[in-house]
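Presented below is the structure to which this report refers.
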Amino acid sequence: MDSPGLVPPKHEQDLSRTRTQGTLILLGRTAAAWKYMGLLCRSHIRSAVIFSVFFGGTESNPGPLMYDPNVPYTDSSFRPLSPMFQKITVRQGPGSGTQLVAVYRGSRSFAKTEWTKDGGRIPFGFPEPTAFALTFPELIQRNHSGLYELHVSGRHPSIRFQFEVTVVGPPEVIQDPPALLLVMEGHEAMYHTEIASYSTTTLRINGEVFFPGSPQEHRKLSNHFPYLKDVKIHPLDIQGPRIQYRASNLVFTPGSSFGSTHTVTIEGANEFGYARVSTLINVLPRPTFLKLPADCAPRCLSSEEHTFSCEVDLRPYAMAHIIQSWDWNGTDISVLRGQGDARADYFQTEGITLRLLPVRDPSRVSLFANSLVTCRIRIYYKAVQAALGNSEDVERVLQDSKWIVYDSRTDSEIQGLSSKVDLQLDSTRSTASAGFSWIAAVLIAIVIIIIIGALTACIVMRSRGETYMLDRKERASGHDPDKELLENKNFQIYERPDLPPLRGSRCSLNDYSAEIGSDADGELDDYNLDPGKFNEEGSFIDQYTTETHYKSTSRLPTLSGQYQSLA
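Using UniProt numbering, you'd call the opening residue of the sequence shown number 1 and step up by one each time.
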């Protein structure tokens, strides 16, 4: 053995030596040959465990205890040397090396041992057991109670050692009650807790010991706490470790700021101590509405915006979480948005106010006809805020019964939370809009026509005044105008014949007569014309007509004779 070591009797310690690996060497022949002895290998750490045995003696001097290596080992069945069943009580807390020890005799070479607790494996935290002992952890807990067994098996019939262990101590709370219980007035308050190993129970209301069912106790409680005079507190329902508390007729006393709110304490005790749990029961009144939604105006026109308001007195709900929402025909507006309902596009919520926006599309006005808009109030435990932050499905959390305390949708006694909405198409606004549309269309058409005319004028004016370069275009077409003119006899250069000049004459071109005047006469005197109508170009204004001859009496002289043509 490594650590245990073999300890011989004191008067023979000088005749032996013990090595560190556990070997015992006897130095004196007397101690080895003439002494009857039995050697047990044990440890000071585990004094109840025997690691090895040896019984001495010799062939010449046999004794009642002897060991003969030449005699074959006689295989025998297992023999228990300690009780097969034991009841053991252990105190909860530090264990101080508590052990379960089984003593038996048999061949260890063919023996197999197994420790179990309540038919299963030994719990986690126990040291590794040996073939004879099971050691408990340093800190013994209540769940260490149970039936422990050591099963020894091999070639011979097996034996089983049983230890019924009971861990005792003060009562222990197995299941805590809720620290806060929110209850609406008129409902029952009921919850339960579980306390183990108690022998007596005590109920306390607001710190005062209370015995349910006793008129004297109820009168005493009412004197101390007048707002609890109508509350009926039932006796504790005890079923093993399960203890249930129930109170009914919880009312919200007028003038009281907290109604039938009270603190409940349940105490379980035994000879080793006690366990105590407390719960605050907060009684809440029905919501008081400071402002209720009003019906839509008699003329609920689609072209106008409609507002609905709902305000609640929140002072009694300091320990709760309030959610205010709106229902349209019994369906939450947030659900309509999640479903992609077309009506949800026209709703806007701002605090306690719901706004119905103008419905411009006439085809959607019927969606808001003969409808009800309802203010909805829900009361939750404050812990729902953390649950909402950790969940993606908000609606599923809000519908969980463990969080919700009150829902006005299921309260049949509350009135005035709904208003009627019968949206009607605004025909006046529609006609005006239609007229305006026609006017706008006409104006747009006129503008388009003006733009087209302006573009056309720009195109025409762009080509006006452009010089038509005939010579360039003819030459581009392959013609040579100069050459063609020279070849064409009809187009020759005119040359005036060299003739003597004609004698001056005042004869009319259409008359052969002519009158010879004096040198003092003016050039226009013969025509009897107004000099004011004669312009710088020598024209006779208003004197030309479609006729060939001038009809007025001519004073021009005529010349006889024929004029020879110059041609």
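Each residue gets a CB set at the ideal place from its N, CA and C atoms; glycine is no exception.
Keep in mind it's a predicted model, so treat the numbers as computed, not measured.
- The straight-line gap separating the alpha-carbon atoms of Val168 and Thr130 is approximately 26 Å.
- DSSP places His224 within a helical segment (H, G or I) once states are collapsed to three.
- Under the three-state reduction of DSSP, Thr288 is assigned to coil, being neither helix nor strand.
- Boundaries of the beta strand (DSSP E) harbouring Val152: 146-153, taken from the DSSP string.
- When secondary structure is reduced to three states using DSSP, Asn143 falls in the helix class.
- Proximity to Glu185 across Ala179, Val231, Arg219 peaks at Val231, based on C-alpha coordinates.
- In this structure, Ala318 lies away from Tyr380, with their beta-carbon atoms at least 8 Å apart.
- A straight-line Cα-Cα distance of about 17 Å links Trp326 and Ser412.
- According to the DSSP assignment, Leu100 belongs to the beta strand (DSSP E) that extends over 99-101.
- Going by beta carbons, Pro358 and Ser303 fall inside the 8 Å limit.
- Taking 8 Å as the cut-off, the Cβ atoms of Val103 and Phe132 count as close.
- Counted as a single uninterrupted DSSP element, the stretch harbouring Val394 is not any beta strand (DSSP E) but the alpha helix (DSSP H) occupying residues 394-398.
- Distance from the CA of Leu398 to the CA of Ser408, rounded to the nearest whole angstrom, comes to 14 Å.
- Taken atom to atom, the span from the alpha-carbon of Ser260 to that of Pro235 is near 18 Å.
- Around the Cβ of Ala383, a 10 Å sphere holds fewer than 16 other Cβ atoms; the residue is exposed.
- Separation of Gly340 and Val173 (C-alpha to C-alpha, rounded to the nearest whole angstrom) is 50 Å.
- Nearest C-alpha to Ser107 among Ala342, Arg79, Phe252, Thr353: Arg79.
- Look at Glu305 here: in three-state DSSP terms it is coil, with no helix or strand label.
- Setting aside the 5 residues that flank it on each side, Ile243 is surrounded in the same chain by His192, Thr193, Glu194, Ile195, Thr201, Leu236, Asp237, Ile266, Gly268, each with a C-beta closer than 8 Å to its C-beta; the list follows chain order.
- Nearest to Phe289 by alpha-carbon distance, out of Glu474, Ile414, Tyr148, Phe252, is Ile414.
- Residue environment: Val421 is assigned as buried (16 or more neighbouring CB atoms within 10 Å of its CB, all protein chains considered).
- The alpha carbon of Glu271 has as its nearest neighbour, out of Tyr198, Gly453, Ser145, the alpha carbon of Tyr198.
- Lys117: member of the beta strand (DSSP E) spanning 112-117, first to last residue.
- By DSSP's assignment, Ser325 forms a beta bridge with Arg376.
- Contact between His151 and Glu128 is absent: CB atoms are separated by about 17 Å, not below the 8 Å threshold.
- Here Pro481 carries a helix assignment [DSSP, helix/strand/coil].
- Gln99 is a Cβ neighbour of Leu134, given a cutoff of 8 Å.
- Taking C-beta atoms under 8 Å as the contact rule, Thr263 and Tyr227 fail to qualify, at a distance of about 13 Å.
- Annotated three-state conformation of Arg364 is helix, per DSSP.
- In the DSSP assignment, Asp471 falls outside any beta strand (DSSP E) and within the unbroken alpha helix (DSSP H) covering 470-476.
- Just measuring C-alpha positions, the residue of Lys220, Asp482, Leu417 sitting nearest Phe308 is Leu417.
- Apart from sequence neighbours up to five positions away, the residues of its chain that approach Leu182 with a beta-carbon distance below 8 Å are Asn282, Leu284, Met319, Ala320, Ile379, Tyr381, Val405, ordered along the chain.
- Counting every other CB atom within 10 Å of its CB across the protein chains shown gives Ser145 a total of 16 or more, marking it as buried.
- Membership of Val168 in the beta strand (DSSP E) is indicated by the continuous run 159-168.
- Tyr245 places its beta carbon less than 8 Å from that of Met190.
- In the displayed model, Ser371 falls within a strand according to three-state DSSP.
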